[in-house]
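Below is one structure, written out as structure tokens; comments come after it.
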Ligand SMILES: NC(=O)c1ccc[n+]([C@@H]2O[C@H](COP(=O)([O-])OP(=O)(O)OC[C@H]3O[C@@H](n4cnc5c(N)ncnc54)[C@H](O)[C@@H]3O)[C@@H](O)[C@H]2O)c1
């Protein structure tokens, strides 16, 4: 069996999910790891028995005995590193968001075409069991024409601080961090329509609130509560119209004076409606009654790890066996266009057209 030799670029939190996913696959060897922080890279290499350690990704990409990489750096590294990797003949699994903006994302896709390398974007939530179920329902026309959708990824107190709050490295706040996931799911599940216009507001009102007591939150590794710097939005809302006639109502926050966290995806069709989270519920008619139905679906027991295992396994299947990629780079560009338009609309104060 020819093994796929994989490298990890960016040895931070999420890279662990990639590494542990690869470690489960018999046809993968993780041969190199790279991080700007040498101590971190060395400790990572020791923990996961990775033979080669780098602090400069360009040097790592010179390795001939390297077939593919996971790009799991801050968002500002996604485009330059993925482009260099593809030019060096490596296939790429790049974390979301694909880039800092649609222009850079498009260069990544163009590079994939020019080099013939694979560019897969880490839209990991597409691998959830609930997503598979709803995709089948929509493809079987159980909802009919979906004319309206709603999604929210709302945190009461969840600003991670650190690089996430530094626009130079992140490109933005919860829109680019959380919104990217749910806007992608809505688009993916409804047959990938293209967005035509966006009207949005972003809010920079509350910051990190490092002094809050009684609750805990996820913090970026480089978060320092004594220096709670934040130059990105802490919440946003948008109305997004698509070329298939669907309108999407979207909201997100890292910090909001609201009761609790609230994650939801809702699809409304002319035959039925469906809610995806926290569990699937259908709303339809039966014998002239409205009925609400709940399907029986086993939930992932360790959802976060399981969906990353599926994502890395799929990436390797694409690389090793030429299986068509479920998450091609083009989908990352389509979402970046929407995210760019959200920020632009918030800045100019009116609707922004993406496609005439
Ligand atoms: N799919 C998901 O659900 C999910 C969840 C969390 C984070 N992410 C994404 O994963 C990425 C990393 O997030 P994280 O939480 O692991 O951050 P992190 O800060 O824990 O890790 C990022 C690492 O990348 C390193 N790095 C940055 N630039 C580099 C460069 N040019 N070369 C080498 N190393 C570099 C940093 O030193 C750091 O160790 C982000 O793009 C984030 O959006 C995705």
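Numbering (our numbering), first residue to last: 30 to 385. Note that the Cβ used here is the ideal one computed from N, Cα and C, for glycine as well. Here the structure is a predicted model, which is why all the values come from computation and not from measurement.
Selected residue, minimal CA-CA separation from residue i, among the options
| i | options | result |
| --- | --- | --- |
| residue 282 | 128, 126, 272, 264 | 264 |
| residue 207 | 33, 134, 365, 35 | 365 |
| residue 154 | 103, 141, 341 | 341 |
| residue 190 | 82, 333, 251, 301 | 251 |
| residue 235 | 221, 217, 258 | 258 |
| residue 243 | 31, 114, 185 | 185 |
| residue 162 | 332, 73, 308 | 308 |
| residue 343 | 313, 378, 151, 360 | 151 |
| residue 80 | 35, 214, 50, 43 | 35 |
| residue 273 | 60, 249, 215 | 215 |
| residue 119 | 233, 286, 345 | 345 |
| residue 217 | 165, 48, 325 | 165 |
| residue 286 | 325, 237, 350 | 237 |
Contact set for residue i: own chain, Cβ-Cβ below 8 angstroms, skip 5 residues either direction
| i | result |
| --- | --- |
| residue 375 | 229, 230, 231, 262, 265 |
| residue 268 | 227, 228, 229, 276, 277, 278, 279 |
| residue 380 | 226, 227, 228, 374 |
| residue 290 | 183, 184, 185, 187 |
| residue 284 | 184, 185, 186, 187, 188, 235, 236, 237, 238, 263, 264 |
Sub-8 angstroms separation of residue i and residue j beta-carbons
| i | j | result |
| --- | --- | --- |
| residue 363 | residue 223 | yes |
| residue 122 | residue 149 | yes |
| residue 277 | residue 180 | yes |
| residue 33 | residue 57 | yes |
| residue 225 | residue 371 | no |
| residue 137 | residue 147 | no |
| residue 310 | residue 330 | no |
| residue 348 | residue 96 | yes |
| residue 140 | residue 112 | yes |
| residue 86 | residue 40 | no |
| residue 107 | residue 100 | yes |
| residue 125 | residue 210 | yes |
| residue 158 | residue 326 | yes |
| residue 302 | residue 312 | yes |
Proximity test, residue i beta-carbon vs ligand 1 heavy atom, cut-off 7 angstroms
| i | result |
| --- | --- |
| residue 301 | no |
| residue 354 | no |
| residue 382 | no |
| residue 104 | yes |
| residue 62 | no |
| residue 40 | yes |
| residue 125 | yes |
| residue 101 | yes |
| residue 248 | no |
| residue 44 | yes |
| residue 66 | yes |
| residue 192 | yes |
| residue 110 | yes |
| residue 69 | yes |
| residue 151 | yes |
| residue 290 | no |
| residue 260 | no |
Cβ neighbours of residue i in the same chain (closer than 7 angstroms, five flanking residues each side left out)
| i | result |
| --- | --- |
| residue 53 | 338 |
| residue 156 | 336, 339, 340 |
Chain-order list of residues whose beta-carbon lies under 6 angstroms from that of residue i (same chain, five-residue window excluded)
| i | result |
| --- | --- |
| residue 271 | 222, 224 |
| residue 50 | 337, 338, 341 |
| residue 103 | 192, 198 |
| residue 315 | none |
| residue 44 | 37, 101 |
query: Looking at C-beta atoms only, is the number of pairs between the stretch 338–356 and the stretch 62–77 that lie closer than 8 angstroms three or more?
result: no
query: Is the stretch 297–309 touching the stretch 165–172 in the sense that three or more CB pairs, one from each, lie closer than 8 angstroms?
result: yes
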